[in-house]
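Below: the structure, in structure tokens.
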Amino acid sequence: MVLYKRDCRRNYTPQGHWLIKEVKVSTFMADLDKGRKKPQLLLQTMPHIIPHEDRVRLFRKYITNEKTVLGLTESACASPQSTLITVHRSRIVEDGYRQLALLPPQGLKGVIRVRFINEQGLDEAGIDQDGVFKEFLEESIKKIFDPSLNLFKVTSEERLYPSPTSYLQDNHLQLFEFVGRMLGKAVYEGIVVDVPFASFFLSQVLGQTTQALYSCVDELPSLDEELYRSLSYVKHYKGDVSELDLTFSVDEDCLGRLVTHELIPGGKAMSVTNENK
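Following UniProt numbering, the numbering of the sequence shown begins with 1 at its first residue and continues without gaps.
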């Protein structure tokens, strides 16, 4: 897995190198359907050995089966229960959060119908599961991930990650939870949304930061490429590092205010030298 992750950051193998070759994908998928332990273990620990398209098909199959078990699909004798929410165009995030944040898991997995109220306070035509809900989901996500809301920031490569100053919003943790529920609903329904997360943040979400041999330095370029290059320059500097006039501290622009963070106790007053770098 370590080699694969390094390959993801900076390719050094030919395309398709990690895909399983000894076993046909169709056979592998059939063994999964039979509930055999070995393919399940491989899929959980090394999913990259299966082509992405096949993993997507397998996931959609699992979702379809679950919806059938939960009674969330149309049948000849009954229609699934649905949740109707009313959303004002001018308050999409607020109204969506208020009505969906406490919805139980099965309700969130089920059919959600949306009634939009336009800018004039009038009902808009059309209440359905697909088109209108998809629009609501896309518009909510667009507003939530707008950096001006200060829940998320973007890297120089336009990748998203949680804003360090999101706490300035009183309900920021609840909004993050709402974001997760909306993204989960999008994945569950097979709705593609344009949310490019930074790889270092995805590593944290997936719990990879606690794994052996994980290196936060390897992830740093996905947050700040310039900072990574600067640190590499200092690390490999051949001359006297003290001439660079550096300390063990970093300055951050926090909403227009310069804040200094000490990397070690007393770091602001400690010079970086060849001996301690």
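All C-beta atoms, glycine included, are put in the ideal place defined by N, C-alpha and C.
Beta-carbon proximity list for R9, same chain, < 7 Å, skipping 5 on both sides | D218
Who does P265 pair with in a DSSP beta bridge?
-> None, per the DSSP bridge assignment.
Bounding residues of the alpha helix (DSSP H) (the contiguous stretch that carries L231) | E225 to K235
Residue from V179, M46, E139 and L108 whose Cα sits closest to the Cα of R89 | E139
Using a Cβ-Cβ cut-off of 6 Å (strictly less than) and excluding sequence neighbours within five positions of V179, which residues of its own chain qualify?
-> I144
Report the option in F28, G121, K153 and L32 whose CA atom is closest to the CA atom of D253.
-> K153
Cut-off 7 Å between Cβ atoms - residues of its own chain near G190, not counting five sequence neighbours on either side = R60
Can G35 and P80 be called in contact, C-beta distance under 9 Å?
-> no
Measure from the alpha carbon of M270 to the alpha carbon of each residue in E135, L258 and S242, then state which is nearest.
-> S242
What separation, rounded to the nearest whole angstrom, lies between the Cα atoms of S203 and Y97?
-> 27 Å
On the premise that V114 lies in contact with I85, defined as a C-beta separation below 8 Å, what is that separation, rounded to the nearest angstrom?
-> 6 Å
Less than 8 Å between the CB atoms is what I'm expecting for L223 and A198, so what's the real figure, rounded?
-> 6 Å
Could you pull the start and end residues of the alpha helix (DSSP H) that Y161 belongs to?
-> Premise fails: Y161 lies in the beta strand (DSSP E), L160 to P162, not in any alpha helix (DSSP H).
V234 burial status per 10 Å Cβ neighbour count (16 or more: buried) | exposed
In or out: D240 buried (at least 16 other Cβ within 10 Å) or exposed?
-> exposed
Starting from the N-terminal side, write out each stretch of the alpha helix (DSSP H) that is 4 residues or longer and does not extend beyond the region 133-204.
-> 172-189
Locate the beta strand (DSSP E) running through D251, then write down its first and last residues.
-> S249 to C254
State the DSSP-derived secondary structure class of S271, mapped to helix, strand or coil.
-> strand
In whole angstroms, what is the alpha-carbon distance linking E53 and E74?
-> 26 Å
Mind checking L137: buried by the 16 CB within 10 Å criterion, or exposed?
-> buried
Does the Cβ-Cβ distance between P39 and F28 come in under 9 Å?
-> yes
Compute the Euclidean distance between the alpha carbons of P265 and F248, then round it to the nearest angstrom.
-> 9 Å
Determine the contact status of L108 and G184, defining contact as a CB-CB distance below 9 Å.
-> yes
Are L175 and L206 close, meaning C-beta to C-beta below 9 Å?
-> no
Is DSSP giving R113 helix, strand or coil here?
-> strand
Near L258, which residues of its chain fall below 6 Å by C-beta distance, leaving aside the five closest residues on each side in sequence?
-> D251
Would you kindly report the start and end of the unbroken beta strand (DSSP E) that includes T13?
-> First-last for T13: undefined, no H or E at that position.
At which residue ranges does the region 62-103 contain complete beta strand (DSSP E) runs of 3 or more residues, listed in the order of the chain?
-> 82-88
Cα-Cα separation between N65 and P147, rounded to whole angstroms | 38 Å
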